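Protein chains in written order, with the working numbering: chain W, 1 to 626; chain S, 1 to 626. By construction, the Cβ of each residue, glycine as well, lies at the ideal position given by its N, Cα and C atoms. All figures in this text were calculated on a predicted structure; none of them were measured in a lab. Below is one structure, written out as structure tokens; comments come after it.
There are 2 protein chains.
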Amino acid sequence: MMRSICRSYQTFLIICNSHIRRNGKRATSSVSWRTHNCGQLRASDAGSKVTLCGWLQYKRFDFMATLRDAYGVIQIVLPEDEVKRSLLSSKLSEANLESVIKVEGHVQRRPVAKINSQMPTGSVEIVAGELEIMNNCTETLPMQVHEHLNVTETTRMLFRYLDLRSSRMQRNLRLRSDVAMKIREYLWKKHGFVEVETPNLFRRTPGGAKEFVVPTHQKGLFYSLPQSPQQFKQLLMVGAIDRYFQIARCFRDEGSRPDRQPEFTQVDIEMSFVDKECIYNLMEGLVKYCWPEHLPDVITPFPRMSYQKALDEYGTDKPDTRFEMTLVDITAILQGCGIAIFESSPSSNFIIKAMTCPSGDKFLTKSTVDILQGNCKKLYNTNFLLVHVREKSWKSPISKHLSEKTKKKIMDTVGAKPGDLLFICAGPRETVNAALGFLRLQCAECLEEQGVRLRDPNSYKFLWVEDFPLFLKSEETNGGSDLESAHHPFTAPVVGEEHLVYSEPVKVKGQHYDLVLNGVEVAGGSIRIHHSDLQKYILEEVLKEDSSEMSHLLEALQSGCPPHGGIAMGFDRFVSLLCGERTIRDVIAFPKTSEGNDLMSGAPSSISQEDLDRYHITVPSGDSGS
Amino acid sequence: MMRSICRSYQTFLIICNSHIRRNGKRATSSVSWRTHNCGQLRASDAGSKVTLCGWLQYKRFDFMATLRDAYGVIQIVLPEDEVKRSLLSSKLSEANLESVIKVEGHVQRRPVAKINSQMPTGSVEIVAGELEIMNNCTETLPMQVHEHLNVTETTRMLFRYLDLRSSRMQRNLRLRSDVAMKIREYLWKKHGFVEVETPNLFRRTPGGAKEFVVPTHQKGLFYSLPQSPQQFKQLLMVGAIDRYFQIARCFRDEGSRPDRQPEFTQVDIEMSFVDKECIYNLMEGLVKYCWPEHLPDVITPFPRMSYQKALDEYGTDKPDTRFEMTLVDITAILQGCGIAIFESSPSSNFIIKAMTCPSGDKFLTKSTVDILQGNCKKLYNTNFLLVHVREKSWKSPISKHLSEKTKKKIMDTVGAKPGDLLFICAGPRETVNAALGFLRLQCAECLEEQGVRLRDPNSYKFLWVEDFPLFLKSEETNGGSDLESAHHPFTAPVVGEEHLVYSEPVKVKGQHYDLVLNGVEVAGGSIRIHHSDLQKYILEEVLKEDSSEMSHLLEALQSGCPPHGGIAMGFDRFVSLLCGERTIRDVIAFPKTSEGNDLMSGAPSSISQEDLDRYHITVPSGDSGS
């Protein structure tokens, strides 16, 4: 049994050890009672006097135990001497599992027959001379550390302090810390960046609908918690802090959204005297520098793709380029062939596209297809048309309306083979792209669930997406404008297209760029506007916003503002990809639920009348709104 | 004139250069348009083609200029070629001072007669081949960068982006960043600490009267912004993150207090399996490691002083040990001598003490003494009695009541010489200590204002203050208890005094320690309670607090909690001492006024009805409270 418990720590130990190796010899037992941690002793240490501290992982007949800490597990045995043995044994018998214990003793080699090669410390054991129970654990814990994977996420969050002891959470938090430090080392030490802390208590930004507010002693006046240090970093550029970074806490009040947190961390970067290429270079170097050693090497430079190409071929601005199944335009082939749905909306924006699901005929059942059709209708208000490509024929409602020549042409164009499924959509370009992009990812998941190795789990595909439009048609009319910024109002137009801002703003491309990793946006940034006139025109005339609230920025832009640009990396998301976790909650020490609740402490909570008075606010009684 | 402007940058440049030297060669021009910064070119670079970017610091006849960036200044000259010269000259003539300019050219040695030895780049100049005005500065700036010292702090804060260009703010922010990075390097790389980010949106802590609150979508429920990560770091210890640190943003709503900020930064540290000595070792190493090279070396270990001795000798728990003028007990000498004020309160707590101001007779005028007397009355509700020590006599109201023998005895005890002033206070011990401690510092300032070199500005005296009482008599009665924690309720009693908690809590000393530098508390911490029973007893029975709000912590303490302790360093304060600044506002990029206002952006500000509704709060009309 001991062997099996030890084995459950195997993966953890391998990572821990590679971890320590990677980062050189860090003194984990300096300035401490312990002389070594529980993972580091080897046969060559035999004879050494040691003091170890850790959690009681397992005990056997009160004379043998394993002690665990964040670095590993080690076997403890009681001495042969009967008096001593009986004294220590009675101590050990009082200790429940997960109690915290200090052991003083010496290292001894295990007999060859008892060497456990699964355990890094498996060739030695500690003969205890002294044993102290520093904190006895209650007998019944709400969850067992080694059963962490079998309990619900709610239990894990309620008892986070137990969940953190699991090898998985230890690895995640330690890797996160290492990556953050590597990023800082790269920016500060290699490139001369200055880390500047910017305020969290700030002024509400115009249109900042997702900002938390903080009441103050000054009646009716509120701070707001910024969504990013955007304004500050631009002001720092004006202030000659020409290379700024910060691993910054940001706040966003999005209500309940899956895998979002009301507070999150971003690696925030801004530089003067740069263009897009400089930022790309910097970031590619950064990713390489902080990349964990146990993952396959990153290849730079990263490929680039235009926003339009990403939409056309992948149906999304954050394409997962680990696999094909791209969207193919077959408008020219199908239009005019007499099928009603391909003719119904002959606007300039009308398009017919296909996405091929390889071997879909085998792996996608009728009921799966029905679910996909339902979701497609619900999310995009459109339907797809399905073609089962068979050896000699098509199985499809449109099969009989098409000549063999047309079918052949389609097959050649999309590259389909017998056994594949073709998803065909027709309609406005945006809808078709979005729906097929969604279907592409859904089909991929479906294939993988059935064992098809479509995306290599060890593949890390970075991609720059660029050439975004500067403005998008707004869904709501914001203060009279029908345009909104695709990124944010401070993004500069592409060089040479500045004049279009004044004449045809919807045609301007922005100097905005996103860094996508395996279909997830991990960073985004832009070259900023550094001329006051242009910034003012965009705020007032294009976006119809009240620029008076941004007067400090506009003034700064006419006080000698260097050309500048930057980027922000979603650090939680990036680390979760490195850890292979599906949710950012697993790389955050104390996360909140998607409803924003901290289950462990019970935040948020009600506050006293005294507090309400102190901040001059009241909570009106009555039905509880949203 | 150019020479004088350059000279004003002298100190800055020396610091910048030592700075760059200290931190090895950081690439400040990697991934950038510039090939060099404005401070790095030397005679050995002559002939190199360079591109420089910076702010136009000065120009002369439109054919000579100095360009400035964060790293230095350099002289630009236009080429001899007349066509080229006239073209560039007309560009230069359009640029106002503080405009941002890009210059491409080559480095040339200056003629010997024109070498400026005051300027690090003073042996070269750049012959411009191309010159581009990247951002023309408005003609009239609200403040000039080189006049930064002559403008009010209000102007500096209103136009912080200009103030940041000053050599002083550049030095302060860059030094701050360096010290933070060194601290991280020390903890992470040398001692295996893990940096963990803890939440800023948390649950209100019991008795946390200074916590800002944040309304949520959940009606009547609020987050609160924590004053420190105290609870989280203890939970991390329970969770086997045995070496935690964080350079953490903390929040404290103290209303208007001079030199406090509603948000501040602390270096937060916690370790398992340690005692006080371990923390002292760690911190002494940390201070040495991050200590700026241009300051005199730090000597470790730091001296230690008990809380009681600090109060008795310096009248404060954060003594400035750079100078003497300690408080001396003369009760035994003066009691019974027949002077009424020395007899009036014969309680066990009554004390008579003296503090000697050397040469005070010469440097403290009558009006100064009167001001001190007034402040003493106002702040401590007591008076002092003054003795002018003269060659042969005393000038003092008590002189005629005392025998020469008594006077001699007093002089010997306090070590006073002719020309000194003796400040004598009598009354309850706490009052006397506090008043004389205050007078000691006031006298020191007064002497220094008149040129007496009492405290070496290059002296950095660290001191551990320890053996604090665990509980203090509370000024207000909190929920029925007349005791409050001297530090916080999680501090452990001194080993061996645990039993006193249950019998005579007021006699227990705590394992709390403060690190004091030059009379300023720069860090404080403690060994924590790691047994649930003791923690519960203290919360419920000693402090009479509702422990149910801390149930998650109490539960954690019985789930296998290692013995642990930690410390938190006030980072803003520490950096301000290193920079020789009197206020922490000068080491914060975007500080708020002591009223909590951000003058540049206008925070805090009013918010919309929509926002109020969103968070289910109202601001009642009526007179504007506090």
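Among the options, the one whose alpha carbon lies nearest that of residue i
{"i": "residue 34 (chain S)", "options": "S:102, S:181, S:351, S:358", "result": "S:102"}
{"i": "residue 227 (chain S)", "options": "S:468, S:81, S:62, S:268", "result": "S:268"}
{"i": "residue 596 (chain W)", "options": "W:256, W:523, W:342, W:373", "result": "W:256"}
{"i": "residue 540 (chain W)", "options": "W:513, W:616, W:170, W:489", "result": "W:489"}
{"i": "residue 616 (chain S)", "options": "S:209, S:221, S:565, S:70", "result": "S:221"}
{"i": "residue 248 (chain S)", "options": "S:66, S:238, S:518, S:198", "result": "S:198"}
{"i": "residue 274 (chain S)", "options": "S:73, S:558, S:526, S:435", "result": "S:526"}
{"i": "residue 492 (chain S)", "options": "S:276, S:192, S:134", "result": "S:276"}
{"i": "residue 563 (chain S)", "options": "S:543, S:62, S:236", "result": "S:236"}
{"i": "residue 97 (chain S)", "options": "W:604, W:573, W:561", "result": "W:561"}
{"i": "residue 629 (chain S)", "options": "S:522, S:195, S:420", "result": "In this structure chain S extends from 1 to 626, so residue 629 (chain S) is not present and cannot be described."}
{"i": "residue 43 (chain W)", "options": "W:94, W:290, W:116", "result": "W:116"}
{"i": "residue 610 (chain W)", "options": "W:293, W:619, W:191", "result": "W:619"}
Cβ-based burial, residue i [other Cβ within 10 Å; buried from 16]
{"i": "residue 314 (chain S)", "result": "buried"}
{"i": "residue 509 (chain S)", "result": "buried"}
{"i": "residue 150 (chain W)", "result": "exposed"}
{"i": "residue 300 (chain W)", "result": "exposed"}
{"i": "residue 49 (chain W)", "result": "exposed"}
{"i": "residue 308 (chain S)", "result": "exposed"}
{"i": "residue 234 (chain S)", "result": "buried"}
{"i": "residue 75 (chain S)", "result": "buried"}
{"i": "residue 154 (chain S)", "result": "exposed"}
{"i": "residue 546 (chain S)", "result": "exposed"}
{"i": "residue 22 (chain S)", "result": "In this prediction, residue 22 (chain S) has a pLDDT of 43, which is less than 50 and means its spatial position is unreliable; what the coordinates show is noted afterwards. Exposed, by the Cβ-count rule."}
{"i": "residue 24 (chain W)", "result": "Below a pLDDT of 50, predicted positions are generally treated as unreliable, and residue 24 (chain W), at 48, falls in that range; the measurement from the model is reported next regardless. Exposed is the call here."}
{"i": "residue 397 (chain S)", "result": "exposed"}
Min CB distance residue i to chain S below 8 Å
{"i": "residue 106 (chain W)", "result": "no"}
{"i": "residue 19 (chain W)", "result": "Residue placement at residue 19 (chain W) is flagged as unreliable, the pLDDT there being 47, under the threshold of 50; the coordinate-derived value follows with that caveat. Answer no: the Cβ-Cβ gap between residue 19 (chain W) and chain S never drops below 8 Å."}
{"i": "residue 157 (chain W)", "result": "no"}
{"i": "residue 302 (chain W)", "result": "no"}
{"i": "residue 55 (chain W)", "result": "yes"}
{"i": "residue 542 (chain W)", "result": "no"}
Any non-hydrogen atom of the ligand SAH within 7 Å of residue i CB
{"i": "residue 70 (chain W)", "result": "Ligands displayed in this structure: none; no statement on the ligand SAH is therefore possible."}
C-beta neighbour in chain W for residue i, strict 8 Å
{"i": "residue 22 (chain S)", "result": "Unreliable positioning characterises residue 22 (chain S) in this predicted model, as indicated by a pLDDT of 43, which lies under 50. A coordinate reading is not provided."}
{"i": "residue 140 (chain S)", "result": "no"}
{"i": "residue 190 (chain S)", "result": "yes"}
{"i": "residue 523 (chain S)", "result": "no"}
{"i": "residue 528 (chain S)", "result": "no"}
{"i": "residue 126 (chain S)", "result": "no"}
{"i": "residue 239 (chain S)", "result": "yes"}
Proximity test, Cβ basis, 8 Å: residue i and chain A
{"i": "residue 43 (chain S)", "result": "Among the protein chains in the structure shown, which are W and S, there is no chain A."}
Per DSSP, the bridge partner or partners of residue i
{"i": "residue 355 (chain W)", "result": "W:327, W:423"}
{"i": "residue 53 (chain S)", "result": "S:102"}
{"i": "residue 464 (chain W)", "result": "W:304, W:515"}
{"i": "residue 469 (chain W)", "result": "W:509"}
{"i": "residue 395 (chain S)", "result": "S:388"}
Near-chain W residues of the segment 171 to 183 of chain S - C-beta to any C-beta below 9 Å: 173, 174, 176, 177, 178, 180, 181
Members of the segment 66 to 81 of chain W that neighbour chain S once the beta carbon cut-off is set at 7 Å: 69, 70
Contact residues within the segment 210 to 232 of chain S, judged by C-beta distance below 8 Å to chain W: 212, 213, 214, 215, 216, 217, 218, 219, 220, 221, 222, 223, 224, 225, 231, 232
Where the segment 554 to 585 of chain W meets chain S: residues whose CB sits under 7 Å from a CB there: 556, 558, 559, 560, 561, 562, 563
Chain-ordered residues of the segment 244 to 271 of chain S with a beta carbon less than 8 Å from chain W: 249, 251, 253, 255, 262, 263, 265, 271
Selection of the segment 591 to 606 of chain W by Cβ proximity to chain S, strictly under 9 Å: 591, 592, 595, 596, 597, 598, 600, 601, 602, 603, 604, 605, 606
Contact list for the segment 373 to 386 of chain S against chain W, Cβ threshold 8 Å: Within the segment 373 to 386 of chain S, no residue has a Cβ that lies closer than 8 Å to any Cβ of chain W.
Under 8 Å (Cβ pairs) to chain W, residues found in the segment 479 to 500 of chain S: none
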